[in-house]
Amino acid sequence: MNATTAPAAMPPRRVLGAYLAEARSECLRYLRAPSFILPMTLFSTVFYLMFGVLLNHPGSDASRYLLASYTAFGVMGPGLFGFGASLAIERDGGLLTLKRALPMPPGAYLLGKMMMAMVAASLVVVLLLALGLTVGGVSLGPARVLAMLAVGAFGVLPFCALGMFVGTLIKGQGAPGLLNLVYLPMAFLSGLWLPISMLPGALQTLAPVWPSYHLNQLTLSAVGLRAGSLLPHVLALLAFAAAFLLLAARRLRRYG
Amino acid sequence: MTEAHAPVARLAGAVKRYDKRIALDDVDLVLRRGELLALLGPNGAGKSTSIGLLLGLVRPDAGRAELFGLDPQRIEARRRIGVMLQSAMLPPTLRVGELLRLTASYYPDPRPLAESAALAGIADLLKRPYGKLSGGQQRRVQFALALCGRPELLFLDEPTVGMDIDARRKLWTAMRALVAEGCSVVLTTHYLEEAEALAQRVVVLDRGRVLSEGSVDELRAKVALSRIRCVSDLDAEAVGRWPQVASAASVGGRLQIATAQAEHVVRRLLDADPALRELEVQRAGLAEAFTELTRDSDLQEAA
Numbered sequence: 001m002n003a004t005t006a007p008a009a010m011p012p013r014r015v016l017g018a019y020l021a022e023a024r025s026e027c028l029r030y031l032r033a034p035s036f037i038l039p040m041t042l043f044s045t046v047f048y049l050m051f052g053v054l055l056n057h058p059g060s061d062a063s064r065y066l067l068a069s070y071t072a073f074g075v076m077g078p079g080l081f082g083f084g085a086s087l088a089i090e091r092d093g094g095l096l097t098l099k100r101a102l103p104m105p106p107g108a109y110l111l112g113k114m115m116m117a118m119v120a121a122s123l124v125v126v127l128l129l130a131l132g133l134t135v136g137g138v139s140l141g142p143a144r145v146l147a148m149l150a151v152g153a154f155g156v157l158p159f160c161a162l163g164m165f166v167g168t169l170i171k172g173q174g175a176p177g178l179l180n181l182v183y184l185p186m187a188f189l190s191g192l193w194l195p196i197s198m199l200p201g202a203l204q205t206l207a208p209v210w211p212s213y214h215l216n217q218l219t220l221s222a223v224g225l226r227a228g229s230l231l232p233h234v235l236a237l238l239a240f241a242a243a244f245l246l247l248a249a250r251r252l253r254r255y256g
Numbered sequence: 257m258t259e260a261h262a263p264v265a266r267l268a269g270a271v272k273r274y275d276k277r278i279a280l281d282d283v284d285l286v287l288r289r290g291e292l293l294a295l296l297g298p299n300g301a302g303k304s305t306s307i308g309l310l311l312g313l314v315r316p317d318a319g320r321a322e323l324f325g326l327d328p329q330r331i332e333a334r335r336r337i338g339v340m341l342q343s344a345m346l347p348p349t350l351r352v353g354e355l356l357r358l359t360a361s362y363y364p365d366p367r368p369l370a371e372s373a374a375l376a377g378i379a380d381l382l383k384r385p386y387g388k389l390s391g392g393q394q395r396r397v398q399f400a401l402a403l404c405g406r407p408e409l410l411f412l413d414e415p416t417v418g419m420d421i422d423a424r425r426k427l428w429t430a431m432r433a434l435v436a437e438g439c440s441v442v443l444t445t446h447y448l449e450e451a452e453a454l455a456q457r458v459v460v461l462d463r464g465r466v467l468s469e470g471s472v473d474e475l476r477a478k479v480a481l482s483r484i485r486c487v488s489d490l491d492a493e494a495v496g497r498w499p500q501v502a503s504a505a506s507v508g509g510r511l512q513i514a515t516a517q518a519e520h521v522v523r524r525l526l527d528a529d530p531a532l533r534e535l536e537v538q539r540a541g542l543a544e545a546f547t548e549l550t551r552d553s554d555l556q557e558a559a
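Chain order of the listed sequences is X and B. Note that the working numbering gives residue 194 to position 194 of the first sequence, counting from 1, and the numbers run on in steps of one. For the working numbering, add 256 to where a residue sits in the second sequence, where the first one is 1.
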């Protein structure tokens, strides 16, 4: 070995390869884990089957409306649990420590989880669309189907940031419980289970506080049940994502 | 300092406190190229904190930690190391081959997958999901992950815990092969025979301080104890009061004596008990040396 060993430089191709390998592993490991993938896909699809199909007239506006709101509900899950719960568990189990000691490129861990959440959210949207377009009797043009998929893939991101923040607050197996305390009330309060007009007035006024409310406005637009500008809602979601990402990054840097 | 003599890793005056408790108290540690350094010490001695500092996982409150002359948090420095931590729950649903490929992707010039697998003795496990492996097999996989990047420096934190004797011997062989390639190793271990079998240099830590540093022989010489064993009717307690005897006990019908002056004690033993038989005299192992060292520091602490 040469005494003046210069460290071998890492070619950009290999750095990119490391990011891809991390994202691929993250997707593979969770899509193979039934305890992760089943609750995430079953929650929203079973609810939709019950309330949107069995208790409804297939093809009605209600069925279309519920497809939009259960899509918003289903997309939140991969963000909150895929990102938040897994981060909390890996901080506890030592995997995050090992990754920080290894020369993993900066951010590859979080980007990998983000990709995984986007893939999982897309899977949920595909399942809900398949149900809606067949047994639900909903008819959507190709443009609307694509819009739904796009909302699913990008709408998961603010919830990744929120999940990441929760994942930095609590370590280990306690995280899923805490996340459910965020997930379920938030879904209810933003009108994902009952139409927002059926909630008490005060809660209706409060609804725009929740990121899920804004996501629901996007899914409602995608299925053609809402007109008007999307920009305020997109901006609101971006702001939520940025705020929680900053909070989480600060806590991660400080406490690991 | 030129690069040729520059240490591979270094702690200089490192201090680390957790709340009020002091984990490392002004520790200096230097690792040279191609050497295997064993860090020994009881639980809470500061071994894992030392490794954490060198890996950039924790920051020193005072003093410095360096890897290849760089801040350990610099990725350029960490691309030259391999790591096996005490506990890391790896993704159970990933197959061993996938884990190896992922870890190798972090490095500029990794080993071919088959070579890493062969070195760690896991060639037959590549297709198995990590979660289905036994504890010992999982440790071997973690060892493969540590060496797959062709590191110049390997950190092994308690690598053989949970391994059976056969697996442990295989790991020792692999470690020796890596050192022969020019790789430096920092090894923490509870198993003294492990340090004895592998290490060129041993650093003993206790309560966050370096108690002793040197080769295995130097460490033994430092507490120049020998162990005498024999079958005799002499009373162990009485022998224990002899001037040159450090300790004496009766174990399984045999008298066991620790002493720094074996020749004296043996002469006196033979005089005192002509019927004495099965006499054995042995140099102390690292275990005795280590117990002796930490007991001294206990006494100082008490005084």
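All C-beta atoms, glycine included, are put in the ideal place defined by N, C-alpha and C.
Task: Meets three-Cβ-pair contact criterion under 8 Å: the segment 123-138 of chain X and the segment 86-100 of chain X - done: no
Task: Outcome for residue 30/X when other beta-carbon atoms lying within 10 angstroms are tallied against a minimum of 16 - done: buried
Task: Under 7 Å by beta carbon: chain B residues contacting residue 158/X - done: Neighbours of residue 158/X on chain B: none; closest Cβ ~26 Å, over 7 Å.
- [ ] Taking residue 346/B as the query, report the chain X residues whose CB atoms sit under 7 Å from its CB, ordered along the chain.
- [x] 95
TODO: Would you list, in sequence order, the uninterrupted alpha helix (DSSP H) runs of no fewer than 4 residues that lie entirely inside the segment 2-66 of chain X?
DONE: 12-31 and 34-47
Task: Closer than 8 Å at the beta carbon, the chain B residues around residue 78/X - done: Simply none; closest approach about 16 Å.
Task: residue 470/B - partner residues in DSSP beta bridges - done: 458/B
Open item on the list: Along the segment 25-49 of chain X, where does the CB come closer than 7 Å to a CB of chain B? Name the residues.
Closed with: 25, 28, 29, 32 and 33
Task: Range covered by the alpha helix (DSSP H) that runs through residue 186/X - done: 174-189
Open item on the list: Out of 508/B, 354/B, 363/B and 353/B, which one is the CA nearest neighbour of residue 101/X?
Closed with: 363/B
Task: Where residue 411/B falls: helix, strand or coil (DSSP) - done: strand
TODO: Please report the residue range of the beta strand (DSSP E) in which residue 523/B lies.
DONE: Counting along the chain, residue 523/B falls outside any beta strand (DSSP E), though it belongs to the alpha helix (DSSP H) covering 518-528.
Task: Nearest neighbour of residue 438/B, chosen from 336/B, 530/B and 421/B [CA to CA] - done: 336/B
Open item on the list: Taking the straight line between their C-alpha atoms, what separation do you get for residue 358/B and residue 501/B?
Closed with: 57 Å
TODO: Please compile the residues from chain X whose C-beta is within a distance smaller than 9 Å of the C-beta of residue 331/B.
DONE: 10, 103, 104, 105 and 106
TODO: Under the assumption that residue 270/B contacts residue 309/B (Cβ atoms under 8 Å), give the Cβ distance between them as a whole number of angstroms.
DONE: 6 Å
TODO: Taking residue 98/X as part of the alpha helix (DSSP H), name the residues at either end of that continuous run.
DONE: 95-101
Open item on the list: Does residue 322/B come out as helix, strand or coil in the three-state DSSP assignment?
Closed with: strand
Open item on the list: Am I right that residue 471/B and residue 539/B are in contact with their C-beta atoms under 8 Å? What's the rounded C-beta distance?
Closed with: Not quite, the Cβ-Cβ distance comes to about 14 Å (not below 8 Å), so this is no contact.
Open item on the list: Quick check on residue 569/B: does DSSP put it in helix, strand or coil?
Closed with: As displayed, chain B neither begins before 257 nor continues past 559, which places residue 569/B out of reach and without an answer.
- [ ] Kindly indicate the opening and closing residues of the beta strand (DSSP E) around residue 482/B.
- [x] 482-487
Open item on the list: Between which residues of its own chain and residue 99/X is the CB-CB distance below 7 Å, once the five residues before and five after are set aside?
Closed with: 109
Task: Buried or exposed by the 16-neighbour rule on C-beta atoms within 10 Å, applied to residue 421/B - done: exposed
- [ ] Can you pull the chain X residues whose beta carbon is under 8 Å from the beta carbon of residue 334/B, in chain order?
- [x] 101, 102 and 103
Open item on the list: Please state whether the Cβ-Cβ distance between residue 410/B and residue 441/B is less than 9 Å.
Closed with: yes
Task: Close-in-space but distant-in-sequence residues of the same chain around residue 147/X (CB under 7 Å, 5 per side omitted) - done: 222
TODO: Identify the contact partners of residue 17/X in chain B, using a Cβ-Cβ distance below 7 Å as the criterion.
DONE: 361
TODO: Pair every Cβ in the segment 280-299 of chain B with every Cβ in the segment 452-468 of chain B, then say whether three or more of these pairs are closer than 8 Å.
DONE: yes
Open item on the list: Using a 10 Å radius around the Cβ and a threshold of 16 neighbouring Cβ atoms, would you call residue 347/B buried or exposed?
Closed with: buried
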